[in-house]
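Counted the way the working numbering counts, the sequence shown spans residues 41 to 525.
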Amino acid sequence: MAEARDEQGVAKDKPIKQRKNGLYPAVSEELATVMKSGWADTERHGLEPIEQAPYAAARRAALSARFPGERIVVPAGRLRTRSNDTEYPFRAATEYVHLTGDQTQDAVLVLEPLPAGGHQATAYLLPRSDRENGEFWLDGQGELWVGRRNSLAEGEQLLGLACKDVRRAAEELRAATGPVRVVRGLDAGIEAALADKVTAERDAELKSFLSELRLVKDAYEIGELQKACDSTARGFEDVVKVLDRAEATSERWIEGTFFLRARVEGNDIGYGSICAAGPHATTLHWVRNDGPVRSGELLLLDAGVETTSLYTADVTRTLPINGRFSPLQRKIYDAVYDAQQAGIAAVKPGAGYRDFHEAAQQVLAERLVEWGLLEGPVERVLELSLQRRWTLHGTGHMLGLDVHDCAQARTETYVDCTLVPGMVLTVEPGLYFQPDDLTVPAEYRGIGVRIEDDIVVTDSGARNLSDGLPRQADEVEEWMAALRG
Ligand code: GLY
Ligand code: MN
Ligand code: MN
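Structure (structure tokens):
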């Protein structure tokens with residue numbers, strides 16, 4: 041339905057975002073007066089804290105202990121404009137979510153050092169929209185446009201934190217004295233207020249500490265990652281059921297199908313879904329997803345549901361589009377499967393982080409030599425990493441709120457670490473024969489296989505959070521046949 045528009049092309053019946061382009065709708069005094077009143081009090085009382093609240097408090101306590109006497113500032117991030125008054129979907133910064141359980145845009149967590157030691161934590165949040173000054177209906181971020189927010193009092197009950205109006209945050213931080221650290225790259229206004237108090241080196245140290253604080257997941261986080269994997273498994277089942285529609289259209293049907301599951305059961309996808317059919321499977325981050333889906337080829341689907349609490353799965357299955365692996369597809373698939381089995385077996389407390397990678401690479405190097413694609417001995421291949429022409433990437437990474445979680449952790453605490461219970465990581469070996477690779481027989485070209493699962497280190501070994509999906513070739517075929525009827 042066409043909207044009425046004024047001479048500037050602005051919809052006549054809609055107020056304009058005041059802060060965006062300076063255009064104001066004509067608001068009569070009478071209308072402004074009418075809009076101020078006649079609204080019910082919807083304040084909520086006696087709210088239960090969110091489930092994350094005690095976990096977030098424990099994380100803040102660790103942060104407090106690491107930086108005694110210093111003010112710590114962790115913004116949630118600002119909305120980013122896509123065009124004019126249209127914004128990109130907002131996703132709060134991982135550090136902020138981890139320390140608060142909150143996902144409010146524009147918010148800032150401040151840990152203020154107390155004279156007696158420890159810190160006072162305050163979440164600076166956008167409060168309810170003011171009705172007296174018309175903000176709630178005249179501002180593009182007013183509640184009438186974007187929905188009701190929690191009041192500050194409600195925020196305090198839900199988060200178990202003192203809450204203040206975020207519009208005071210920059211001013212208060214500018215006036216504050218003493219050492220300060222801020223997580224950079226999230227809120228230019230807050231950074232400007234702190235510009236003469238912080239250093240890049242000290243802020244990088246904070247960021248690194250917060251990454252390391254996420255290396256070991258607590259019980260809440262493991263529960264959320266399990267939910268993410270379970271939703272992801274359902275999303276993969278959805279895809280198998282519509283492969284005929286994908287064949288009639290394109291990889292986009294797969295992307296859209298998985299996205300539907302992610303949005304209905306979670307917040308979003310945790311990263312751009314890789315829906316790579318046929319030779320696209322050899323492109324590691326194929327997210328254009330605009331290619332054909334053809335019987336007889338493989339589909340490499342790497343996708344993860346992000347829960348409403350923002351934890352993501354990261355799962356890959358490589359599936360025969362017609363439901364049956366060809367002999368060569370199966371040979372390559374089995375090699376990757378065996379490598380993944382060896383990798384998963386190497387995940388346990390006390391093992392080195394690099395062990396699962398090396399175990400998987402060992403298997404893949406052996407197969408490549410056995411197939412005559414590489415000259416042995418295997419030890420020499422591994423020493424020179426010659427298998428990497430076809431294995432291409434590392435065998436896994438930490439997983440959590442970010443798909444590549446803990447990425448700012450120091451080498452000694454991540455890549456060189458010893459695994460401990462509560463770490464969650466992916467094991468994801470692959471083999472990729474590019475369509476134009478003249479060093480392999482023609483029939484290998486254009487085949488790409490990756491199998492990826494999400495593994496939590498337990499007291500006694502490890503648990504596969506994504507084992508709701510089959511991996512072994514026969515089981516994959518049976519599962520597909522059952523889903524397709
Ligand atoms: N989905 C990206 C990765 O597997 O690391
Ligand atoms: Mn991964
Ligand atoms: Mn992945």
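Built from N, CA and C at the ideal position, the CB exists for glycine as well.
Just so you know, these numbers come straight off a predicted model, no measurement behind them.
Does the Cβ-Cβ distance between residue i and residue j come in under 7 Å?
{"i": "V489", "j": "Y311", "result": "no"}
{"i": "Y351", "j": "A268", "result": "yes"}
{"i": "L441", "j": "T134", "result": "yes"}
{"i": "A102", "j": "L253", "result": "yes"}
{"i": "L439", "j": "D330", "result": "no"}
{"i": "Q92", "j": "Y260", "result": "yes"}
{"i": "G501", "j": "T435", "result": "no"}
{"i": "S271", "j": "E295", "result": "no"}
{"i": "A163", "j": "C203", "result": "yes"}
{"i": "Q380", "j": "V280", "result": "no"}
{"i": "W430", "j": "L471", "result": "yes"}
{"i": "L184", "j": "R221", "result": "no"}
{"i": "V206", "j": "L165", "result": "yes"}
{"i": "V496", "j": "V464", "result": "yes"}
{"i": "Y95", "j": "D258", "result": "yes"}
{"i": "R208", "j": "A161", "result": "no"}
Between the alpha carbons of residue i and residue j, how many angstroms are there, rounded?
{"i": "E264", "j": "H437", "result": "18 Å"}
{"i": "F130", "j": "C446", "result": "21 Å"}
{"i": "F473", "j": "S349", "result": "38 Å"}
{"i": "A147", "j": "D378", "result": "47 Å"}
{"i": "I314", "j": "R370", "result": "21 Å"}
{"i": "S123", "j": "R106", "result": "41 Å"}
{"i": "E419", "j": "R428", "result": "14 Å"}
{"i": "R171", "j": "W177", "result": "8 Å"}
{"i": "A399", "j": "E406", "result": "11 Å"}
{"i": "E125", "j": "E492", "result": "Correcting the residue identity first, residue 125 is Asp in this sequence and not Glu. Cα to Cα, D125 sits roughly 40 Å from E492."}
Select from the options the residue whose C-alpha is nearest the C-alpha of residue i.
{"i": "E287", "options": "I361, L184 and K257", "result": "I361"}
{"i": "D236", "options": "E194, G218, A244 and L471", "result": "G218"}
{"i": "V376", "options": "R242, L408 and V256", "result": "L408"}
{"i": "A228", "options": "H159, A302 and A116", "result": "A116"}
{"i": "L201", "options": "A80, V455 and H159", "result": "H159"}
{"i": "E110", "options": "D477, L213 and V480", "result": "L213"}
{"i": "P469", "options": "T358, P367 and H320", "result": "T358"}
{"i": "G363", "options": "L339, V464, S248 and F249", "result": "L339"}
{"i": "A385", "options": "V256, I262 and N504", "result": "N504"}
{"i": "G508", "options": "R120, T126 and F276", "result": "F276"}
{"i": "I230", "options": "D284, N307 and R118", "result": "R118"}
{"i": "P319", "options": "Q401, V113 and P475", "result": "P475"}
{"i": "T479", "options": "A216, A513, E415 and T323", "result": "E415"}
{"i": "V327", "options": "R168, E211 and R292", "result": "R292"}
{"i": "A210", "options": "Q266, D258, Q181 and V150", "result": "V150"}
{"i": "D278", "options": "A522, I262, R301 and Q266", "result": "R301"}
{"i": "A114", "options": "G344, V186 and S251", "result": "The displayed chain sequence assigns Val, not Ala, to residue 114. With distances taken between Cα atoms, V114 lies closest to S251."}
Go ahead and label residue i buried or exposed: buried means 16 or more other beta carbons lie within 10 angstroms of its beta carbon, across all protein chains shown.
{"i": "R524", "result": "exposed"}
{"i": "N173", "result": "exposed"}
{"i": "V516", "result": "buried"}
{"i": "D494", "result": "buried"}
{"i": "E423", "result": "exposed"}
{"i": "Q145", "result": "buried"}
{"i": "V74", "result": "exposed"}
{"i": "A317", "result": "buried"}
{"i": "Y136", "result": "buried"}
{"i": "T531", "result": "With the chain represented from 41 up to 525, any question about residue 531 goes unanswered, as that position is not in the structure."}
{"i": "S169", "result": "buried"}
{"i": "R303", "result": "exposed"}
Just to check, is the beta-carbon of residue i closer than 6 Å to a non-hydrogen atom of ligand 5?
{"i": "E346", "result": "With respect to small molecules bound, the structure shown includes ligand 1, ligand 2 and ligand 3 and not ligand 5."}
- Message: With three or more C-beta pairs closer than 8 Å as the rule, is the segment 395-408 touching the segment 478-493?
- Response: At 8 Å Cβ cutoff, the stretches do not touch.
- Message: Quick test of the definition: if touching needs 3 or more C-beta pairs under 8 Å, does the segment 454-469 touch the segment 377-389?
- Response: Cβ pair count under 8 Å is three or more, so yes.
- State whether the segment 80-88 contacts the segment 189-204, with contact taken as three or more CB pairs (one from each stretch) at a distance under 8 Å. Judged by pairs of C-beta atoms under 8 Å, the segment 80-88 touches the segment 189-204, as three or more such pairs exist.
- Cβ contact check for the segment 416-430 and the segment 335-344: 3 or more pairs under 8 Å: Judged by pairs of C-beta atoms under 8 Å, the segment 416-430 does not touch the segment 335-344, as fewer than three such pairs exist.
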